[in-house]
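Participant:
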Amino acid sequence: MQRRFPREAIQYGDKRIPAAKIECSKCGSVAYHPDTGLNDDDYFRKKGWSVGRGPAADVCSECQKRRPELKVVKMEKPEAPKVEPPREMGREDRRIITDKLDEVYDDKAGSYKAPWTDAAVSRDLGVPRAWVSEVREQFFGPEGGNPEFDAFIEQSAPIIAEMKNMANSLRIQSERFKELEPRISELERMGRRIERELGR
12 MQRRFPREAI QYGDKRIPAA KIECSKCGSV AYHPDTGLND DDYFRKKGWS VGRGPAADVC
72 SECQKRRPEL KVVKMEKPEA PKVEPPREMG REDRRIITDK LDEVYDDKAG SYKAPWTDAA
132 VSRDLGVPRA WVSEVREQFF GPEGGNPEFD AFIEQSAPII AEMKNMANSL RIQSERFKEL
192 EPRISELERM GRRIERELGR
């Protein structure tokens with residue numbers, strides 16, 4: 012589809028004649044096409060113009076030759092976050108942990124009293140678990156089991172396994188029901204149709 016360009020009267024020899032006008036959207040230079048029979052788009056293109064769909068996209072041949080200068084922007088390297096070294100266990104920390112372990116560790120059984128563990132002592136005192144493990148190993152003995160927790164695991168494991176089996180069975184039955192549901196609906200419709208026909 013040909014584009015319509017604005018018309019202006021220009022001096023052509025000793026006459027003023029109407030001509031199509033194109034203006035460069037980059038530099039503002041203009042060109043004219045006197046009515047010669049050739050359509051305006053083709054005329055301007057032959058003269059080196061880039062003819063767009065509208066005036067904002069028209070570019071003269073000189074501006075097309077100029078390439079925009081691309082600026083190289085130097086990327087700043089992000090600073091690596093400063094990581095503070097982990098706090099070292101001090102004498103006071105060791106004393107507090109030892110006092111707590113005296114309270115919750117059963118030397119005779121060689122394990123924690125219920126419900127204590129290294130993790131529980133760590134949470135209670137607000138110190139790293141590694142510190143608790145280090146002091147316990149050094150002065151008390153192995154972490155050992157937690158009788159209450161061991162009993163919980165022993166009693167809950169079979170129940171949890173049974174619940175998982177039931178959930179899996181329920182999922183399989185639900186999938187089977189979804190497969191059968193359309194067939195049941197079809198059988199019900201067939202039954203009603205037969206009932207109507209026999210009841211005539």
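Each residue of the sequence shown is one higher than the one before, starting from 12 at the first, in this note's numbering. Every residue, glycine too, gets a C-beta built ideally from N, C-alpha and C. These numbers come from a predicted model, not from an experiment.
1. Taking contact to mean 3 or more Cβ pairs, one atom from each stretch, closer than 8 Å, check whether the region 59-79 and the region 117-127 are in contact.
2. State yes or no: is the C-beta of F55 within less than 8 Å of the C-beta of I21?
3. Within a Cβ cutoff of 7 Å, which residues of the same chain sit near G202, ignoring the five residues on either side of it in sequence?
4. What residue does the beta strand (DSSP E) around Q22 start on, and which one ends it?
5. So what does DSSP say about V70, is it helix, strand or coil?
6. Kindly give me the distance between the Cβ atoms of A67 and S40, rounded to whole angstroms, as I take these residues to be in contact under 8 Å.
7. Can you name the residues that DSSP bridges to P34?
8. Could you tell me the distance, in whole angstroms, from the CA atom of R64 to the CA atom of C71?
9. Rounded to whole angstroms, what is the Cα-Cα separation between R182 and E173?
10. Please list, in chain order, all residues of the same chain as F151 whose beta carbon is under 8 Å from its beta carbon, the five residues on each side excluded.
11. Identify which residue in K26, D69, G24 has its Cα closest to the Cα of R15.
12. Could you tell me which residues DSSP puts in a beta bridge with K26?
13. What does DSSP give as the partner residues of D117 in its beta bridges?
14. From the DSSP output, which residues share a beta bridge with S61?
15. Between D230 and E90, what straight-line distance do the alpha-carbon atoms span, to the nearest angstrom?
16. Tell me which same chain residues have a C-beta within less than 8 Å of the C-beta of T109, skipping the five on either side of it?
Facilitator: Walking through what the data contain:
1. no
2. By one-based count along the sequence shown, residue 55 stands at place 44. By one-based count along the sequence shown, residue 21 stands at place 10. Contact: no.
3. Residue mapping note: residue 202 aligns to position 191 of the sequence shown, counting from 1. Hits under 7 Å: none found.
4. Taking the sequence shown and counting its residues from 1, the one referred to as residue 22 is at position 11. That run of the beta strand (DSSP E) goes 18-23.
5. As a first step, residue 70 is located in the sequence shown; it is residue number 59 there, counting from the start. Strand, per DSSP.
6. As a position in the sequence shown, residue 67 is number 56, starting the count at 1. As a position in the sequence shown, residue 40 is number 29, starting the count at 1. Wrong, their Cβ atoms sit about 15 Å apart, outside the cutoff.
7. Residue mapping note: residue 34 aligns to position 23 of the sequence shown, counting from 1. The displayed chain sequence assigns Glu, not Pro, to residue 34. Bridge partners of E34: V41.
8. Stepping through the sequence shown from its first residue, residue 64 is reached at position 53. Stepping through the sequence shown from its first residue, residue 71 is reached at position 60. So the alpha carbons of these two residues sit roughly 14 Å apart.
9. Taking the sequence shown and counting its residues from 1, the one referred to as residue 182 is at position 171. Taking the sequence shown and counting its residues from 1, the one referred to as residue 173 is at position 162. Rounded to the nearest whole angstrom, the CA to CA distance from R182 to E173 is 14 Å.
10. Here the question's residue 151 lines up with position 140 in the sequence shown. Only L112, Y116, D118 meet the Cβ criterion.
11. By one-based count along the sequence shown, residue 15 stands at place 4. Of K26, D69, G24, the residue nearest in Cα terms is D69.
12. Position 15 of the sequence shown, counted from the first residue, corresponds to residue 26. Answer by DSSP bridge pairing, in chain order: Y23.
13. For the purposes of this step, residue 117 is identified with residue 106 of the sequence shown, where counting begins at 1. Residue pairing by DSSP places D117 opposite S122 in a beta bridge.
14. As a working mapping, residue 61 is identified with position 50 in the sequence shown. S61 is bridged to V70.
15. Past the boundaries of the shown model lies residue 230; the chain is included only from 12 to 211, so the question cannot be answered.
16. To locate residue 109, count along the sequence shown from 1; it is residue 98. Closer than 8 Å at the Cβ level, and outside the excluded window around T109, lie V146, F150.
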